[in-house]
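Enquirer: Here it is, the structure, as structure tokens.
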């Protein structure tokens, strides 16, 4: 199993990337890595070069590069070279902490889609809490697409089910449809049609609608939505968590000695909360529906987040989730939801 | 100025409703109230009956009643009677803390739309923080509709602008379009078309796209979106804030004496934070685009929230915001966005 690593993507690249790879190597001695980027810089952090190949390149995709154009023009960029390695079968998966839009473009244009999956979706495992809680839920599409048709969202239900089964070892994953009410009659034209199709779809365990306020309850294992809504929901969660944490900090700072002493005593609790909310320990975001795992961790990822994401890729490779999906979608034309 | 009050709607009705009305009477001695509901129960909390009329009825809409059906069948329900009073010109505005769906139905079916406003939207003022912060932003449509056409969202920009100007005294309110990226080129088919139309619309100060993660920054005064997305965003905010607060509490409880002492010392800070995040002090949610103010406060509203919402209705009446909108949409056919 060989992972093509864009060593130059992310705020702390290549250090955090290479250090994360070194940590992952200890867990998974069978994994091989090809690191794309500036050789001299990468080498600084390679503490053990067994199963490590470095492919030198000076070019890289910047975080503000226009996605599709940069993939087409920067043919020697670390991310593009890594994507071509996967396309050509020289590597089995692609990892990057770089420009998300560019990675989506590289996934679609270079790595390529599974036949009959028209619109791959972006999926992450988000945390859940509370008594019914399992270990998070897989949320797809988080924004790879701006417009989705009903059949795309049905495909996401299948993708999420395979991921939850294979990677997260959930035997019969419950799939929920993000909607504006729980009743079957609720929804937009789009979600009403998706609801009907999901109810008829074989091989998934559709349990009905879920509202955005209940996402964290842990009542479902997979939540499907269109990419526009998924993007809005994800960014609302981020924005709200960010503002609450910064406001809490500000309230504490403004409250004088008493508040500061309180905060000091609460430090461990707050740290515990932060790590509970942090979903990067579940791994990165998968551009799902491609012919190989293409996984993105956030730009500010440290070595621990890189390590967790490589663990996730390892599980995806080990469980053959992408091959199983390919068989599902390509072997049986009656199951195809797309490109009919 | 006379407000028709559904005294029976809400978890703490009629007590919280009537007590809130009593508080509001002190601020606005010129306001008159007609309270609909069980006379004997309402009377218990009427400490001053000047400008108060009680219209007795035994019927009320329950929180789980099916909206449209309950409005049509429960003709003597407190909410329905109050809506008819507004329709017949016996009152100038409608207040309720009851079933939101039923109030939307009562607003649309009984009170009625401003001509040429096809799809009234649900709007609240949400809080903002940070250096650029003004006093919150008006968010519309938060979910009155499941599907919106571009022209509806352009109408929301006009509604929000009039509200921010009249009620919140912002001279040239900045209007943002909720979208999946800030660049003008971003968006779904729907938001791209809305972007173009907003750019051409006279009388509004359209400043471009805003992402959900930046809603709280205070860079815009009005944010427009379709009702499905608005609903999802609002519920994501609620869900995230809820889970963070409960997790913080749980972390504190689990952390032993040290954590509990810390929490005790931080009590004031946490209280301050809670009141900062609480947007019910900005008033309730307006079903905007109707021929009169129809305003909903949350079901768990206490007398303070009721008081704040009546203050909001008072300002809407005093500034004639609904009449101005009626003139804008009905007088000049070229400005009409709907029902062309």
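Residue numbers (the working numbering), protein chains in the order written: chain Y, 8 to 347; chain U, 8 to 347.
Each residue gets a CB set at the ideal place from its N, CA and C atoms; glycine is no exception.
Values in this document were obtained by computation on a predicted structure and should not be read as measured data.
How should residue 210/U be labelled, buried or exposed, when 16 other C-beta atoms within 10 angstroms of its C-beta is the threshold for buried?
Expert: Result: exposed.
Enquirer: 9 Å is my cut-off, CB to CB: does residue 123/Y come that close to chain U?
Expert: So no, residue 123/Y is outside the interface.
Enquirer: Mind checking who residue 39/U pairs with in its DSSP beta bridge?
Expert: Partner(s): 9/U.
Enquirer: Using DSSP with H/G/I as helix, E/B as strand and the rest coil, what is residue 130/Y?
Expert: Reduced to three states, the DSSP call for residue 130/Y is strand.
Enquirer: Along the chain, which unbroken stretches of the beta strand (DSSP E) at least 3 residues long are found entirely within the segment 123-203 of chain Y?
Expert: Qualifying beta strand (DSSP E) stretches, in chain order: 128-133, 144-147, 181-185.
Enquirer: Check the C-beta distance from residue 352/U over to residue 16/U and give it rounded, since I have them as a contact under 8 Å.
Expert: The structure shown does not extend to residue 352/U, since chain U spans only 8 to 347, so no value can be given for it.
Enquirer: Assuming residue 14/Y and residue 49/Y make a contact with CB atoms under 8 Å, what is their CB distance in whole Å?
Expert: Rounded, the Cβ-Cβ distance is 5 Å, consistent with contact.
Enquirer: Counting Cβ pairs closer than 8 Å, one from the segment 209-224 of chain Y and one from the segment 206-225 of chain U, do we hit at least three?
Expert: The answer is no - the segment 206-225 of chain U does not touch the segment 209-224 of chain Y, with fewer than three Cβ pairs under 8 Å.
Enquirer: By how many angstroms is the C-alpha of residue 252/Y removed from the C-alpha of residue 186/U?
Expert: Roughly 24 Å separates the two Cα atoms.
Enquirer: Since residue 149/U meets chain Y, which of its residues come closer than 8 Å, beta carbon to beta carbon?
Expert: Chain Y residues near residue 149/U: none, gap ~10 Å exceeds 8 Å.
Enquirer: To the nearest angstrom, report how far apart residue 93/U and residue 165/U are at their CA atoms.
Expert: Their backbone Cα atoms lie some 24 Å apart in a straight line.
Enquirer: If you draw a straight line from the alpha carbon of residue 346/Y to that of residue 123/Y, how long is it in whole angstroms?
Expert: Caution applies to residue 346/Y, whose pLDDT of 42 falls short of 50 and renders its modelled position unreliable; the value that the coordinates give is listed next. Cα-Cα distance, rounded: 6 Å.
Enquirer: Compare the beta carbon distance of residue 313/Y and residue 112/Y with 9 Å and say whether it is the shorter of the two.
Expert: Result no, Cβ atoms of residue 313/Y and residue 112/Y do not sit closer than 9 Å.
Enquirer: Give the straight-line distance between the Cα atoms of residue 344/Y and residue 203/Y, rounded to the nearest whole angstrom.
Expert: Only weak support is given to the placement of residue 344/Y: the predicted model assigns it a pLDDT of 49, under 50, and the value that follows is read from those uncertain coordinates. So the alpha carbons of these two residues sit roughly 14 Å apart.
Enquirer: Is there a Cβ of chain Y sitting closer than 9 Å to that of residue 182/U, yes or no?
Expert: No, residue 182/U lies away from the interface with chain Y (no Cβ there is under 9 Å from its Cβ).
Enquirer: How big is the Cα-Cα spacing for residue 81/U and residue 241/U?
Expert: Near 30 Å, if we compare the C-alpha coordinates of residue 241/U and residue 81/U.
Enquirer: Pull the bridge partners of residue 102/U from the DSSP assignment, please.
Expert: In DSSP, residue 102/U forms a bridge with 12/U, 302/U.
Enquirer: Rounded to the nearest angstrom, how far is the Cβ of residue 104/Y from that of residue 306/Y, given a contact under 8 Å?
Expert: 6 Å between Cβ atoms; contact.
Enquirer: On the DSSP bridge list, what partners appear for residue 59/U?
Expert: BP columns for residue 59/U point to 40/U.
Enquirer: Could you give the distance in angstroms between the alpha-carbon of residue 70/Y and the alpha-carbon of residue 129/Y?
Expert: One C-alpha to the other measures close to 18 Å.
Enquirer: Since residue 171/Y contacts residue 264/Y with CB under 8 Å, what's their CB separation in whole angstroms?
Expert: The pair is not a contact, with the Cβ atoms about 49 Å apart (cut-off 8 Å).
Enquirer: Closest by CA to residue 36/U, which one among 72/U, 107/U, 55/U, 179/U?
Expert: If we check each option's Cα against that of residue 36/U, 55/U comes out closest.
Enquirer: How big is the Cα-Cα spacing for residue 4/U and residue 174/U?
Expert: Residue 4/U falls outside the range modelled here, since chain U spans only 8 to 347, and no answer is possible.
Enquirer: I need the DSSP call for residue 347/U, collapsed to helix, strand or coil.
Expert: Residue confidence for residue 347/U is low, a pLDDT of 40 falling below 50, so the modelled location carries little weight; the figure read from the coordinates is stated next. In the structure shown, residue 347/U sits in coil (DSSP, three-state: anything other than H, G, I, E or B).
Enquirer: Within 10 angstroms of its Cβ, does residue 96/U collect 16 or more other Cβ (buried), or is it exposed?
Expert: So residue 96/U counts as exposed.
Enquirer: Taking 7 Å as the limit between beta carbons, can you name the residues of its chain near residue 161/U, skipping five residues before and five after?
Expert: 201, 204, 205, 208, 344, listed in sequence order.
Enquirer: Which residues of chain Y have a Cβ atom closer than 8 Å to the Cβ of residue 262/U, listed in chain order?
Expert: Going along chain Y in sequence order, the residues near residue 262/U (Cβ under 8 Å) are 273, 275, 276, 279.
Enquirer: Quick one: grab the DSSP three-state call for residue 53/Y.
Expert: In this structure, residue 53/Y counts as coil in the three-state DSSP scheme.
Enquirer: Does DSSP put residue 287/U in a helix, in a strand, or in coil?
Expert: Residue state, collapsed to three classes: helix.
Enquirer: Excluding the 5 residues flanking residue 326/U on each side, which residues of the same chain have their C-beta closer than 8 Å to its C-beta?
Expert: Correct list, in chain order: 173, 174.
Enquirer: List, in chain order, every chain U residue whose beta-carbon is nearer than 9 Å to that of residue 266/Y.
Expert: Under the 9 Å cutoff, chain U gives 272, 273, 275, 276.
Enquirer: Could you please give the first and the last residue of the uninterrupted alpha helix (DSSP H) stretch that includes residue 31/Y?
Expert: Unbroken alpha helix (DSSP H) run through residue 31/Y: 22-34.
Enquirer: Determine, using beta carbons only, whether residue 76/U comes closer than 9 Å to chain Y.
Expert: For residue 76/U, the answer is no, since every Cβ of chain Y falls outside 9 Å of its Cβ.
Enquirer: Just reading off the beta strand (DSSP E) that residue 292/U is part of, what are its end residues?
Expert: Segment 292-295, the beta strand (DSSP E) holding residue 292/U.
Enquirer: Can you find a CB in chain A that lies within less than 9 Å of the CB of residue 238/Y?
Expert: Chain labels in this structure do not include chain A; the protein chains are Y and U.
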